[in-house]
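For what it's worth, the UniProt record's numbering labels the leading residue of the sequence shown as 1, then goes sequentially.
Where is the CB? At the ideal position from N, CA and C, for every residue including glycine.
Let me begin by presenting the structure, written as structure tokens, before commenting on it.
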Amino acid sequence: MVNPPHEAMHHIFRHDLHLFSRLKGVLGLPLPTVVDAVVLPNDLTETKPVERRVDTLLRLDSAQEGSLLLAIEAQGKKDPAKPASWAYYVSYLWTKYGLPTALLVVCQDRATAEWAARPVVSGPAYMPTLSVRPVVVGPHNMPFITDPATAAEDLALTALSAITHASDPDIGGILKALSTALRDVPESVADPIIEFTAQGLSKRPAQEIWRTLVAVDLSFYKSYLSEELRDEGRVEGRAEGRADAILLVLEQRGLDVPAAVRARVTSCDDPELLRLWLARAVTVATAEEIFETGTVEPGEADAEE
1 MVNPPHEAMH HIFRHDLHLF SRLKGVLGLP LPTVVDAVVL PNDLTETKPV
51 ERRVDTLLRL DSAQEGSLLL AIEAQGKKDP AKPASWAYYV SYLWTKYGLP
101 TALLVVCQDR ATAEWAARPV VSGPAYMPTL SVRPVVVGPH NMPFITDPAT
151 AAEDLALTAL SAITHASDPD IGGILKALST ALRDVPESVA DPIIEFTAQG
201 LSKRPAQEIW RTLVAVDLSF YKSYLSEELR DEGRVEGRAE GRADAILLVL
251 EQRGLDVPAA VRARVTSCDD PELLRLWLAR AVTVATAEEI FETGTVEPGE
301 ADAEE
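The structure is reproduced here in structure tokens:
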């Protein structure tokens with residue numbers, strides 16, 4: 001079954017067709033500047049009853065080097081059968097379209113990324129007839145974007161940064177930079193970025209952080225997606241989960257969490273106040289700072305009396 005992170009890891013390249021060419025610094029490759037890009041059908045099914053589908057397939061056109069095909073695969077774990085499938089995709093596409101074909105694999109953990117990057121040869125060592133060596137994007141080489149100004153320069157790249165670093169203890173820094181950058185763009189631009197990020201963080205503690213940031217930093221958005229994320233945060237019983245998320249974020253960031261802080265967080269039943277503390281937990285230097293503020297936030301004065 002295809003899961004949300006899997007979809008986000010490759011669909012973001014369909015959303016922003018020029019994203020791949022902007023990975024020059026990340027990949028260390030002399031990628032051409034793409035003039036035009038086209039999403040091609042991803043159905044590689046043969047006439048035989050065997051169905052094969054690459055996750056995303058793009059044709060990238062450049063003035064300098066003509067056109068190339070880019071097959072993009074989202075890989076969540078090691079799979080010994082995958083290299084053979086990748087070899088099939090590349091050779092089939094090369095044959096069908098007659099264009100140079102490259103393979104990009106997007107991963108969310110370092111072990112899978114290192115495994116995917118290893119060259120695999122189909123023939124014996126003395127006759128390496130076909131070698132598969134995909135270009136890999138993952139937490140090992142994607143930039144850790146925590147500056148809102150940098151995030152604003154390339155929202156899709158920042159979303160991909162968040163997706164590939166989804167399990168990093170400091171993921172909150174990327175998410176805060178992204179939510180801050182999204183404040184100044186139209187909803188039509190922000191919505192797909194919000195959705196891809198939410199999908200990519202699925203079932204991880206970071207998803208609660210992102211849900212809270214969307215509710216706090218992007219509260220003025222009225223789109224269906226933004227409202228849905230906020231509604232999920234209002235479900236009865238969410239307070240307990242949010243308290244757990246606050247403590248988890250602080251602990252994962254390596255901060256000491258005194259018993260007094262833990263008790264105050266777990267005893268709070270105000271969803272809005274917990275949301276505020278969770279947003280602060282992303283960036284504070286000490287656990288106690290989640291309770292501090294220069295101005296009184298809405299509802300906070302009553303909650304702390």
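Query: Validate contact between the stretch 109-127 and the stretch 147-156 using beta carbons, cut 8 Å, 3 pairs; Result: no
Query: Ranges of the alpha helix (DSSP H) found wholly within the stretch 26-57, counting only runs of at least 4; Result: none
Query: Three-state secondary structure assigned by DSSP to Glu73; Result: strand
Query: Own chain, CB closer than 8 Å to Pro83, minus 5 neighbours either side, in chain order; Result: Val120 and Val132
Query: Euclidean distance between Cα positions of His11 and Ala259; Result: 43 Å
Query: Cutoff 6 Å; reference Leu250; Cβ partners in own chain excluding five residues on either side; Result: Val257, Ala281 and Ala287
Query: Integer Cβ distance of Ala102 from Leu68, believed to fall under 8 Å; Result: 6 Å
Query: Rounded separation between Ala177 and Pro148 - CA only; Result: 4 Å
Query: Length of the line joining the Cα atoms of Arg234 and Leu58; Result: Only weak support exists for where Arg234 lies, its pLDDT of 49 falling under 50; the coordinates are left without a value.
Query: Contact check, Asn3 vs Ser202, beta carbons under 9 Å; Result: yes
Query: Beta-carbon proximity list for Lys77, same chain, < 7 Å, skipping 5 on both sides; Result: Thr112
Query: Of the listed residues Arg211, Asp270, Gly254 and Leu278, nearest to Asp244 (C-alpha basis); Result: Leu278
Query: Three-state secondary structure assigned by DSSP to Asp168; Result: coil
Query: Buried or exposed (CB count within 10 angstroms, at least 16 for buried), Arg211; Result: buried
Query: Among Glu7, Thr146 and Val265, the one whose alpha carbon lies nearest that of Leu175; Result: Thr146
Query: Sequence-distant residues of the same chain with beta carbon closer than 6 Å to Val90, five excluded per side; Result: Thr101 and Leu103
Query: Helix, strand or coil at Ser62 [DSSP, three-state]; Result: strand
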